[in-house]
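Asker: Letter by letter, the sequence shown follows residues 1 to 568 of the UniProt record's numbering.
All C-beta atoms, glycine included, are put in the ideal place defined by N, C-alpha and C.
Computed from a predicted structure; not experimentally measured.
Below you will find the structure I want to go over with you.
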Amino acid sequence: MEYPARWFRIADAACRLGPRPVLLAAWHRGPVARRRALRALADAPPPHGPWWPSQAPPPPPGLPAAHRAAVLARAAALAEAGRDWHGPFPAAPHALSLDLFAAGDIRPVWERNRWAELPLLAQAARLEPAGGWSHRAAGFLADWAAANPAFHGPNWACAQEAALRALHLALALALLGAAPPPGARGLLALHGRRIAATPAYALAQDNNHAISEPAGLLACGLLLRDAGWVATGEARLAAARRRLIAADGGFAQLSTGYHRLLLDVLALAEWLRRRHGLPATGEAAAVRWLHRLVDPATGAMPRLGHQDGSAFADLALAGPADARPSLERAARLLAGAGTTPDPGCAWLGLAAAPALPPPEPAWVAGGLRGWQAGGARGVLRIGPLRFRPGHADLLHFDLWDGPRNLLRDGGTGAYNPWHVALAGTAGHNTVEFDGRGQMPAVSRFLFARWPRGGPLPDGGWIRDHRGNRHERRVTPAGRLWRIEDRLAGPWQRAALRWRLAPGPWRLTADGASGPFARLRIAADGPVTLALEAGEESLAYGVCTSVPVLVARVDRPVCRLTTLVILPD
1 MEYPARWFRI
11 ADAACRLGPR
21 PVLLAAWHRG
31 PVARRRALRA
41 LADAPPPHGP
51 WWPSQAPPPP
61 PGLPAAHRAA
71 VLARAAALAE
81 AGRDWHGPFP
91 AAPHALSLDL
101 FAAGDIRPVW
111 ERNRWAELPL
121 LAQAARLEPA
131 GGWSHRAAGF
141 LADWAAANPA
151 FHGPNWACAQ
161 EAALRALHLA
171 LALALLGAAP
181 PPGARGLLAL
191 HGRRIAATPA
201 YALAQDNNHA
211 ISEPAGLLAC
221 GLLLRDAGWV
231 ATGEARLAAA
241 RRRLIAADGG
251 FAQLSTGYHR
261 LLLDVLALAE
271 WLRRRHGLPA
281 TGEAAAVRWL
291 HRLVDPATGA
301 MPRLGHQDGS
311 AFADLALAGP
321 ADARPSLERA
331 ARLLAGAGTT
341 PDPGCAWLGL
351 AAAPALPPPE
361 PAWVAGGLRG
371 WQAGGARGVL
381 RIGPLRFRPG
391 HADLLHFDLW
401 DGPRNLLRDG
411 GTGAYNPWHV
421 ALAGTAGHNT
431 VEFDGRGQMP
441 AVSRFLFARW
451 PRGGPLPDGG
461 WIRDHRGNRH
471 ERRVTPAGRL
481 WRIEDRLAGP
491 WQRAALRWRL
501 APGPWRLTAD
511 GASGPFARLR
521 IAADGPVTLA
531 LEAGEESLAY
541 GVCTSVPVLV
551 ARVDRPVCRL
561 TTLVILPD
């Protein structure tokens with residue numbers, strides 16, 4: 001039966017999350033933790049310059065001319081004045097009192113305040129010492145500090161954002177080979193205080209917060225020579241890695257975008273640790289997990305789970321659409337591998353190492369099952385669910401023919417307004433029963449009544465809270481991919497969706513045909529086919545049209561078979 005009220009769904013979600021994150025979240029929201037956080041984040045005097053080192057060493061040798069030109073052009077394009085630091089959010093209230101959803105979408109505001117400009121300006125200063133880049137960097141920090149007084153406004157509301165800023169500043173100073181000047185020291189001290197003030201929130205999330213925040217605290221401690229922050233950051237980062245990263249490399253937050261951020265943060269923290277004489281660590285399995293999913297020709301990834309369009313510590317200027325530099329940097333620092341020439345690794349002085357082994361023809365890791373055959377690769381989202389899912393996407397199937405994402409995930413859209421259709425079951429290549437998702441949503445980032453599920457020898461299965469069972473089996477044979485869906489339970493009507501690469505598709509008697517493939521769908525009973533217009537999000541906050549092939553069946557149909565025939 002359906003739960004009649006939202007609080008039943010909340011209680012169910014709490015049971016599935018487990019006592020640790022629920023109690024930590026309750027503590028964070030409680031009066032004692034709030035009073036402590038407010039005391040820790042009492043008003044502080046603003047830091048004063050100098051803000052930036054006055055000297056810059058020469059650039060590393062062997063940088064491609066195109067990359068050098070791109071760095072200087074990107075730096076020249078940065079705004080020098082009139083920056084919008086706050087978006088629609090008020091700058092005056094204490095950060096802990098702000099409603100981060102009422103005024104608009106906080107995500108773009110936070111992205112603009114991550115200080116990604118600082119490593120870029122450090123690169124430009126090394127390439128062109130007389131170009132005024134150090135002056136611009138100092139002006140940037142002075143302007144930010146004046147517009148964002150300590151612990152007031154949206155940019156102090158999230159400890160993870162403080163951590164990412166601190167990491168970017170630490171990276172920029174390390175690229176210059178300089179200790180932090182007084183202004184930078186003051187900002188690092190404030191950011192360390194912000195991170196340290198609300199640890200329970202990060203621990204309760206069981207996601208990237210629990211990685212980024214201790215990494216940021218560690219960076220602040222290293223640069224300020226604060227042994228307490230170093231020890232706390234090291235201990236919490238190690239504990240988060242043990243809890244959240246599985247032996248097969250899967251991350252608790254199943255998202256290709258956030259897995260990339262995970263590796264970016266860990267790689268930068270590792271580089272800073274080694275520069276300060278701390279022992280080396282590694283995370284080779286997590287590197288291999290992403291290596292299986294990154295297209296070697298373009299750096300594109302399946303849009304599995306939440307996608308927020310980040311490109312952290314982007315020294316190669318690849319942008320959010322190309323994960324290859326992130327993967328190469330992480331491989332060299334965390335897996336002792338990596339041979340692809342990369343300017344970002346050159347800036348860090350990272351030598352090449354043995355190549356990562358190519359992905360296996362068939363593999364299972366971190367909630368996914370994958371195949372490679374005939375120049376194509378497929379990925380199936382399987383269970384079981386240990387940590388909270390971001391999307392209702394179980395048994396979603398992604399198919400890539402070379403660099404083309406033929407059968408694709410819809411992506412995320414934006415967090416506010418939350419694109420429910422993209423996060424729900426209908427936004428994925430799977431089966432939806434009776435027009436209802438696999439699990440009911442409690443909030444933007446939380447579902448209740450998680451399906452049971454797990455792997456099969458050639459696919460995976462789930463059973464939802466209504467008793468509906470879906471088994472999916474995938475069989476590649478050269479340029480032919482066969483996907484078989486078996487359905488059982490009390491459902492009355494089911495819809496199978498295939499979200500197609502944009503192009504001139506046409507509906508056929510048994511499926512769809514286009515320039516990239518032909519799809520044929522058969523069932524053990526009547527099936528109604530339609531080629532419909534859907535939405536997808538290729539970049540955060542941007543939605544475009546995409547064709548969707550939909551096959552609808554009624555009971556007693558219990559088996560559908562899709563053949564994807566790729567051109568020779």
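1) Taking 8 Å as the cut-off, is the C-beta of Arg-126 nearer than that to any heavy atom in the ligand GTP?
2) Which whole-angstrom value describes the C-beta separation of Pro-181 and Trp-52, a residue pair presumed to lie in contact below a C-beta threshold of 8 Å?
3) Measure from the alpha carbon of Ala-509 to the alpha carbon of each residue in Asp-524, Trp-491, Leu-531, Ser-310, then state which is nearest.
4) Using the C-alpha atoms, what's the distance from Pro-19 back to Leu-368?
5) Measuring straight from C-alpha to C-alpha, what distance separates Leu-399 and Pro-358?
6) Have a look at Arg-506 and Thr-528 and give me their C-alpha separation to the nearest angstrom.
7) Alpha carbon to alpha carbon, how far is Arg-377 from Pro-476? Give it in angstroms, no decimals.
8) In terms of alpha-carbon separation, which member of Val-442, Arg-36, Ala-42, Ala-137 lies closest to Pro-50?
9) Please determine, among His-470, Leu-480, Pro-504, Ile-483, the residue with the shortest C-alpha to C-alpha distance to Trp-491.
10) Looking only at DSSP bridge pairs, what is Ile-245 linked to?
11) Provide the residue(s) that pair with Tyr-415 in DSSP beta bridges, ordered along the chain.
12) Just how far apart, CA to CA, sit Arg-273 and Asn-468?
13) Rounded to a whole number of angstroms, what is the C-alpha to C-alpha distance between Leu-224 and Leu-187?
14) Which same chain residues, not among the five before or five after Asp-458, have their C-beta less than 7 Å away from its C-beta?
15) Thinking C-alpha only, which one of Glu-80, Pro-59, Gly-233, Arg-83 is nearest His-209?
16) According to DSSP, simplified to helix, strand and coil, what is Glu-2?
17) Which residue comes first and which comes last in the alpha helix (DSSP H) that contains His-28?
18) For Thr-256, report the span of its alpha helix (DSSP H) as first-last.
19) At what residue ranges does the segment 310 to 391 contain a whole run of the beta strand (DSSP E), taking only runs of 3 or more?
20) Under the rule that 16 or more other beta-carbon atoms within 10 Å means buried, what is Glu-2, buried or exposed?
21) Between the C-alpha atoms of Thr-425 and Leu-395, what's the straight-line distance to the nearest angstrom?
22) Along the chain, where does the alpha helix (DSSP H) that runs through Gly-139 open and close?
23) Within this structure, are the beta carbons of Ile-10 and Ala-448 separated by less than 9 Å?
24) May I ask you to report which of helix, strand or coil DSSP gives Asp-226?
25) Check for me: the alpha helix (DSSP H) holding Arg-185 runs from which residue to which?
26) So, helix, strand or coil for Thr-425, using DSSP?
27) By alpha-carbon positions, which one of Asp-84, Arg-243, Pro-64 ends up nearest to Pro-21?
28) Reducing DSSP to helix, strand and coil, say where Val-527 ends up.
29) First and last residue of the beta strand (DSSP E) that includes Ala-91?
30) For Met-301, which residues of its own chain have a beta-carbon under 6 Å away from its beta-carbon, when the five flanking residues on both sides are left out?
31) Under a three-way DSSP split, which group does Ser-443 fall into?
32) For Arg-499, which of Ala-512, Leu-98, Arg-493, Glu-484 has the nearest alpha-carbon?
33) Measuring straight from C-alpha to C-alpha, what distance separates Leu-263 and Ala-316?
34) Who are residue 570's beta bridge partners in DSSP?
35) Leaving out five residues on either side along the sequence, give the residues of the same chain with a beta carbon under 6 Å from the beta carbon of Trp-418.
36) Taking just the CA atoms, how far does Pro-389 sit from Leu-380?
Answerer: Reading from the atomic positions:
1) This structure lacks the ligand GTP, and indeed carries no ligand of any kind.
2) 6 Å between Cβ atoms; contact.
3) Leu-531
4) 26 Å
5) 18 Å
6) 15 Å
7) 9 Å
8) Ala-137
9) His-470
10) Phe-251
11) Within the DSSP bridge table, the entry for Tyr-415 names Trp-418 as partners.
12) Going by the C-alpha atoms only, they are around 50 Å apart.
13) 11 Å
14) Arg-473, Val-474, Thr-475
15) Gly-233
16) Because Glu-2 carries a pLDDT of 47, less than 50, the predicted location of this residue cannot be relied on, and the following value inherits that uncertainty. In this structure, Glu-2 counts as coil in the three-state DSSP scheme.
17) 19 to 29
18) 256 to 275
19) Within the segment 310 to 391, the complete beta strand (DSSP E) segments at least 3 residues long are 362 to 365, 368 to 373, 376 to 381, listed from N- to C-terminus.
20) Low confidence applies here, because Glu-2 scores a pLDDT of 47, under 50, leaving its location unreliable; read the following figure in that light. With fewer than 16 Cβ atoms within 10 Å of its Cβ, Glu-2 is classed as exposed.
21) 10 Å
22) Unbroken alpha helix (DSSP H) run through Gly-139: 133 to 147.
23) Going by C-beta atoms, Ile-10 is nearer than 9 Å to Ala-448.
24) Asp-226 falls in the coil class under three-state DSSP.
25) 182 to 197
26) helix
27) Arg-243
28) coil
29) Going by DSSP, Ala-91 is part of no beta strand (DSSP E) at all; its letter is neither H nor E.
30) Thr-256, Leu-293, Val-294, Ala-323
31) Ser-443 falls in the strand class under three-state DSSP.
32) For Arg-499, the closest alpha carbon among the candidates Ala-512, Leu-98, Arg-493, Glu-484 is that of Ala-512.
33) 15 Å
34) Within the shown structure, residues of the chain are numbered from 1 to 568, placing residue 570 beyond reach of any answer.
35) Arg-444
36) 15 Å
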